Each structure stands twice: as structure tokens, then as C-alpha cells.
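For reference, the structure is listed below as C-alpha cells.
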Amino acid sequence: MFLHVTAARHVRDHIVEIAFNDGTAAHIDLSNSLDGPIFEPLKDVEYFQSFSIEGHTIAWPNGADFAPEYLRSLAPAGVKS
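This is the structure we're talking about:
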């Protein structure tokens, strides 16, 4: 199965509630994943909130995104909706 994000909403700070097509839904903290120049603007929580779902994952206006597999790997084990 091709993993993809089906829904996402900002919770607080750098935490996003993400649902995947495998039935997993979890609060995922991306604060430790914002390394490198493309992710620098995302450190500003107001800008961080500007994501949308594009190409089966969450993405920001500056072109930053995370692979759905990476996002899923950050979800606590055994979490299903």
C-alpha cells in the first residue's frame, strides 16, 4: 500500500495531528525535525501553521515537506484511530 496523509490539523507549537490511509492517526511533534535551510522558516509557529496537504503529505508554501513514511515513523507505536 502506498502510504499517504489523508488529513492534518495544527494542534499547538510544532505538533500536527495527522491521519494516514493505513488507519493511523497521531499527534506528531516535528520540533526536532526542522533542520536545514528549507525548514528554518517553519521554526516560526505562525508560518508552521501554513501547511496544506499536497502530493500525499503535508507541505509548506516555501516547498518544505516531509515524506509520509517519515511522518508515520514519528507516530507512537500501535496508535490507530
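Each residue of the sequence shown is one higher than the last, beginning at 34 in our numbering. C-beta: ideal position from N, C-alpha, C; glycine also. Bear in mind that the values here come from a model prediction, so they are computed numbers and not experimental data.
Boundaries of the alpha helix (DSSP H) around Ser106: 101-106. Residue range 78-81 is occupied by the alpha helix (DSSP H) that includes Glu79.
Straight-line spacing of the CA atoms in Leu107 and Ser64 works out to 11 Å.
In the three-state reduction of the DSSP assignment, Phe72 falls in the helix class, which pools H, G and I. Under the DSSP definition of a beta bridge, His60 partners with Glu50. Considering only Asp62, Tyr80, His43, Val44, the residue with the shortest C-alpha distance to Tyr103 is Asp62. A distance below 7 Å between beta-carbons, with the five flanking residues on each side excluded, links Ser83 to the following residues of its chain, in chain order: Trp93, Pro94. Within the DSSP secondary-structure output, Thr90 pairs in a beta bridge with Glu87.
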